[in-house]
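Worksheet for the structure shown next.
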Amino acid sequence: MTSKLNSKIPEGNLEQKWTKYRSTVPLVNPANKRSLEIIIVGSGLAGASAAASLAELGYKVKVFCFQDSARRAHSIAAQGGINAAKNYQNDGDSTYRLFYDTIKGGDYRSREANVYRLAEVSTNIIDQSVASGVPFAREYGGLLSNRSFGGTQVQRTFYAAGQTGQQLLLGAYSGLQRQVGTGNVKMYARHEMLDVVTIDGKCRGIIARDLTNGKLERHFGHAVLLCTGGYGNVFFLSTNAMGSNVTAAWKAHKKGAMFANPCFTQIHPTCIPVSGDHQSKLTLMSESLRNDGRIWVPAKKEDALALREGRIKPNDIREEDRDYYLERRYPAFGNLVPRDVASRAAKERCDAGYGVNKTGEAVYLDFAFNTIRYGKIEANKKGINNPTDEQIVAMGKAVVKEKYGNLFDMYEQITGVNPYDQPMMIYPAVHYTMGGLWVDYNLMTNIPGLYALGEANFSDHGANRLGASALMQGLADGYFVIPYTIGAYLSNEIMTKAISTDHEAFVEAEKNVQGTIDRLLSIKGTKTVDYYHKKLGLIIWNQCGMARSEAGLKEAIANVQALREEFWSNVKVPGDANSLNPELEKAGRVADFLELGELMCKDALDREESCGGHFREEHQTEEGEALRNDEDYKYVAAWEYFAGTNWELHKEELIYDNIKIAQRSYK
Amino acid sequence: MEKNLNLNLKVWRQKNADDKGKFEEYKVNDISTDMSFLEMFDVLNSQLITEDKDPIAFDHDCREGICGSCSMHINGRPHGPKHAVTTCQLHMRSFNDGDTIVVEPWRAAPFPVIKDLVVNRSAFDRIISAGGFISINTGNAQDANAIPIPKDDADEAFAAAACIGCGACVAACKNASAMLFVSAKVSQFALLPQGQPERHQRVSEMVAQMDLEGFGACTNTGACSAECPKGISLTHIARMNRDYIAASFAANEK
Ligand SMILES: Cc1cc2nc3c(=O)[nH]c(=O)nc-3n(C[C@H](O)[C@H](O)[C@H](O)COP(=O)(O)OP(=O)(O)OC[C@H]3O[C@@H](n4cnc5c(N)ncnc54)[C@H](O)[C@@H]3O)c2cc1C
Ligand code: SF4
Ligand code: FES
Chain A
1 MTSKLNSKIP
11 EGNLEQKWTK
21 YRSTVPLVNP
31 ANKRSLEIII
41 VGSGLAGASA
51 AASLAELGYK
61 VKVFCFQDSA
71 RRAHSIAAQG
81 GINAAKNYQN
91 DGDSTYRLFY
101 DTIKGGDYRS
111 REANVYRLAE
121 VSTNIIDQSV
131 ASGVPFAREY
141 GGLLSNRSFG
151 GTQVQRTFYA
161 AGQTGQQLLL
171 GAYSGLQRQV
181 GTGNVKMYAR
191 HEMLDVVTID
201 GKCRGIIARD
211 LTNGKLERHF
221 GHAVLLCTGG
231 YGNVFFLSTN
241 AMGSNVTAAW
251 KAHKKGAMFA
261 NPCFTQIHPT
271 CIPVSGDHQS
281 KLTLMSESLR
291 NDGRIWVPAK
301 KEDALALREG
311 RIKPNDIREE
321 DRDYYLERRY
331 PAFGNLVPRD
341 VASRAAKERC
351 DAGYGVNKTG
361 EAVYLDFAFN
371 TIRYGKIEAN
381 KKGINNPTDE
391 QIVAMGKAVV
401 KEKYGNLFDM
411 YEQITGVNPY
421 DQPMMIYPAV
431 HYTMGGLWVD
441 YNLMTNIPGL
451 YALGEANFSD
461 HGANRLGASA
471 LMQGLADGYF
481 VIPYTIGAYL
491 SNEIMTKAIS
501 TDHEAFVEAE
511 KNVQGTIDRL
521 LSIKGTKTVD
531 YYHKKLGLII
541 WNQCGMARSE
551 AGLKEAIANV
561 QALREEFWSN
571 VKVPGDANSL
581 NPELEKAGRV
591 ADFLELGELM
601 CKDALDREES
611 CGGHFREEHQ
621 TEEGEALRND
631 EDYKYVAAWE
641 YFAGTNWELH
651 KEELIYDNIK
661 IAQRSYK
Chain B
1001 MEKNLNLNLK
1011 VWRQKNADDK
1021 GKFEEYKVND
1031 ISTDMSFLEM
1041 FDVLNSQLIT
1051 EDKDPIAFDH
1061 DCREGICGSC
1071 SMHINGRPHG
1081 PKHAVTTCQL
1091 HMRSFNDGDT
1101 IVVEPWRAAP
1111 FPVIKDLVVN
1121 RSAFDRIISA
1131 GGFISINTGN
1141 AQDANAIPIP
1151 KDDADEAFAA
1161 AACIGCGACV
1171 AACKNASAML
1181 FVSAKVSQFA
1191 LLPQGQPERH
1201 QRVSEMVAQM
1211 DLEGFGACTN
1221 TGACSAECPK
1231 GISLTHIARM
1241 NRDYIAASFA
1251 ANEK
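Chains as they are written, first to last, in the numbering used here: chain A, 1 to 667; chain B, 1001 to 1254.
This is the structure:
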């Protein structure tokens, strides 16, 4: 491990690390808390839960988000559910099993200690959420209901129809607003953070822009928490909200915070396929659908062709002429293999010519089988002895509607096709980023006083995240980790008086931000910001997406560099800096993506192995599975930034004391 | 099947809160019926940028009908002609070739215009801050299954909690009443055992803040629920009214 990376993992055996650490971490007394100021950028699950919890403890908190309300953070869109090792189903779940599944799912590229802690606190999250009024789905007996997600064989996912993120975020948001009401939190909505301020090597505040009037503001904090989400929008098309971006993390990176595993991105197998050039974003169809949907393509190429040309309908294809390729290739996990595996398998079938829509890039997700199964169960429950086929289907549809109604409606809204009658068409799409700012066990970056929580950090998911684990991690970080671990730093800061924002470091940072804005507005070129964003997205999707190769990545790096140069000489940003200007906001974000894109390719090029979502064509087994190289790459790649676009790689070795690492198998 | 449309747009343009604002007319051609309404606006905006004109500001983020950002008043109806969908989920197949489409911001005094179609809805956040929560500090919770909740209550609470805070109910109401939004939150907690301790206080304080923000009175017209993209039901308003009266009585007895 390079001296610059100290993961600060506590001593002791795995099961006791967190309990012991939590009980010995230095505390800040209540009177001192009142004079310590914490800046939280981001109001998603991580930010909102951290803000509420820290304000309850007595810290003075400021929260920033770029939407018009904290409640609209991207977390609101999460659909399928949240994991917790409650073992309410008595099906063999435990902290250890959740820990093990997560490490294995991440293809052995995450830290044991962090993941174990995550599994440990997972149960508290469910308790906390229920107590704050989150209406999770329940059974008739009044107890909480669970469903299955990929990469596991237990039912540990809690959910609220297909709106779990919404309900969890509204829960955390209500806690946050309660603290706003008491004056412990000051909320800055429609504000975008555009730089972090460091003084004598410590993070001391941020520069933010009030998006409604364009004014730049300086804010001091004893600590700054970036809870700013993931960078999936570097691909232009993704399931992320339109505003999701890397800017906050990137500015921190350029001030010295290391960026870890940038090439670990997640392509989600079940999204609505691209419909045309006008497409502005892609829509996820939750993984929970894989509980009840079976994925298939035609077994015969001529059928695939006929489907593409609209000559036949999916329901015309007989059962024996269908290829349920996940069930065929992975009998033990079937349709519930992890996302990276399911996505690659879909790509493999479509590349081989079995895709089912006009672009040839779609497979079916079919609910017919389970609709009938549910229909029969209902008939039994209702004591209907000889139900007709129509009755069975109608009752089955009602069950499916209750479980996934909002998703089915959304599918119909977008495609104009009714998924109760015809199978859904799906294809993989960019969804989540495992990479992010490097943090230690305390969630602190290598800049003292600067933290990263939620999707913005790299910490828990290795090379592939399991479904329903991002919500868990965001809330774990905010509710149950940071309130303790921040004491390790702030207990040494109680003598630090608030630093005046007239300090030269603030002045300098603001000047740089202003400089970038002025430069963007002065180019007055000929192409829109979206034009460059789309071009960048295509480069990254084609060369640093589901399959990567040395030649492709080298080409991509050159292409991104050239595109970046063109952007800075020919982008057209209308309007001025003194009013609401969404194009200017986008331009700043795309400028940062144009740098990140290069680093992603560099990281992917450097990692000469396949693991999780990172699939290097050169490194695969005979059956086309990812082939890891633990000998040489069992590390976290943390990149340090240098002026221009230059980086130095630091490696954090990963140590597995409790899990025997093995070739991942879901067969 | 996919078709292409040529459309006339009349869009409200307003530089800032102080500007008087007016309608401007635009033409867009070759709009695929597979596009969403906001993607059609993306096309229009890139057209405007290329013509050196100021693009139209509008709020949006998730484009999945869940964040509640998008807020266009389309042909006289919040979120447009289709029942129970947000602007971002409205697709161009709901329109015909040659249509003229009129687009305005939410019109309600408590939601002042910031620019073009963007309005300030922070009043909603302040109403939540006044009482739209259960006062529980992190770490205080008991086991999640300790209190069973009848499925019907949980389902009804969820139906109320599905509100996305978009403000269409206010925009649809001739009095700019926020009763549907407020009642959805009040109702969610009133249906759950965890919400009982603060039940009376919550409704009183949220209603007081609602009045303070200048939202109008409810005259039971039902336009709010009819235009609500999440189908929030009027029964929540009835439940809230009952709770409000109960809370007033309880306060008088003290
Ligand atoms: C469609 C979809 C469905 C999903 N479903 C699931 C699921 O079922 N289960 C699961 O576990 N995970 C799911 N995920 C993943 C999960 O939703 C996210 O990983 C998680 O919500 C991220 O939360 P966060 O708090 O880290 O960040 P976010 O919720 O992304 O919040 C980021 C915040 O940062 C703010 N911000 C960002 N940059 C700046 C800046 N420069 N200045 C000021 N503010 C800024 C934003 O305003 C926002 O408030 C899903 C993701 C998607 C896209
Ligand atoms: S009640 Fe309906 S219309 Fe009103 S804010 Fe909520 S979702 Fe929007
Ligand atoms: S953009 Fe999120 S609801 Fe329309």
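Cβ coordinates follow ideal geometry from the N, Cα and C atoms, glycine included.
Since this is a predicted model, take the numbers as computed values, not measurements.
Assigned with DSSP and collapsed to three states, residue 174 of chain A falls in helix. Assignment of residue 1116 of chain B by DSSP, reduced to helix, strand and coil, places it in the coil class.
Taking 8 angstroms as the threshold, the shortest C-beta distance from residue 269 of chain A to chain B does not fall below it. Looking at the backbone, the Cα of residue 1184 of chain B and that of residue 79 of chain A are separated by about 21 angstroms.
Residues of the segment 1021-1035 of chain B with a C-beta less than 9 angstroms from any C-beta of chain A: 1031, 1032, 1033, 1034 and 1035, listed in chain order.
With a threshold of 7 angstroms, the Cβ atom of residue 1184 of chain B counts as near ligand 2, since some heavy atom of the ligand is closer than that. CA-CA distance, residue 86 of chain A to residue 131 of chain A, rounds to 16 angstroms. Those residues of the segment 20-47 of chain A placed with their C-beta closer than 8 angstroms to a C-beta in chain B do not exist.
Taking C-alpha positions only, residue 243 of chain A is separated from residue 1061 of chain B by approximately 6 angstroms. Distance between residue 357 of chain A and residue 363 of chain A, taken at the CA atoms: about 8 angstroms. Excluding its 5 nearest sequence neighbours in each direction, residue 298 of chain A has C-beta neighbours in its own chain below 8 angstroms: 304, 307, 317, 321, 322, 323, 354 and 356, listed in chain order.
A direct Cα-Cα distance of roughly 40 angstroms separates residue 1035 of chain B from residue 619 of chain A. With at least 16 other beta carbons inside 10 angstroms of its own, residue 28 of chain A counts as buried. Assignment of beta-bridge partners to residue 425 of chain A by DSSP yields A:364. A Cβ-Cβ separation of about 6 angstroms places residue 1041 of chain B in contact with residue 1058 of chain B under the 8 angstroms criterion.
The three-state reading of DSSP puts residue 296 of chain A in strand, counting E and B together. Here residue 1073 of chain B is near residue 1107 of chain B, since their CB atoms are less than 8 angstroms apart. The DSSP-derived three-state label of residue 1006 of chain B is strand. Going by beta carbons, residue 452 of chain A and residue 249 of chain A fall inside the 8 angstroms limit.
The segment 1130-1145 of chain B and the segment 193-210 of chain A do not touch, with fewer than 3 CB-CB distances between them shorter than 8 angstroms. Burial of residue 1116 of chain B is indicated by the presence of at least 16 other C-beta atoms within 10 angstroms of its C-beta.
Here the distance from the Cβ of residue 67 of chain A to the nearest heavy atom of ligand 1 is below 7 angstroms. Exposure of residue 558 of chain A is indicated by the presence of fewer than 16 other C-beta atoms within 10 angstroms of its C-beta. Where residue 269 of chain A is concerned, the enclosing beta strand (DSSP E) starts and stops at 265-271. Not one beta carbon of chain B lies nearer than 8 angstroms to the beta carbon of residue 153 of chain A. Taking all protein chains shown into account, residue 1253 of chain B has fewer than 16 neighbouring C-beta atoms within 10 Å of its C-beta and is therefore exposed. Checking the 7 angstroms criterion, the Cβ of residue 1063 of chain B is within range of a heavy atom belonging to ligand 3. Counting only residues whose CB is nearer than 6 angstroms to a non-hydrogen atom of ligand 2, the list in chain order is B:1163, B:1164, B:1165, B:1166, B:1167, B:1168, B:1169, B:1180, B:1181, B:1184, B:1228, B:1229, B:1230 and B:1232.
Listed along chain A, the residues sitting closer than 9 angstroms to residue 1195 of chain B by beta-carbon distance are 133. Not a single CB atom of chain A sits nearer than 8 angstroms to the CB of residue 1198 of chain B. The C-beta of residue 1167 of chain B comes no closer than 8 angstroms to any C-beta of chain A.
Not flagged as an interface residue toward chain A: residue 1227 of chain B, since no C-beta distance is shorter than 8 angstroms.
About 6 angstroms separates the Cβ atoms of residue 50 of chain A and residue 225 of chain A, confirming a contact at the 8 angstroms cut-off. Non-local C-beta neighbours of residue 498 of chain A in its own chain, meaning closer than 6 angstroms and more than five positions away in sequence, comprise 220, ordered along the chain.
When DSSP states are grouped into helix, strand and coil, residue 1205 of chain B belongs to the helix group. Annotated three-state conformation of residue 438 of chain A is coil, per DSSP.
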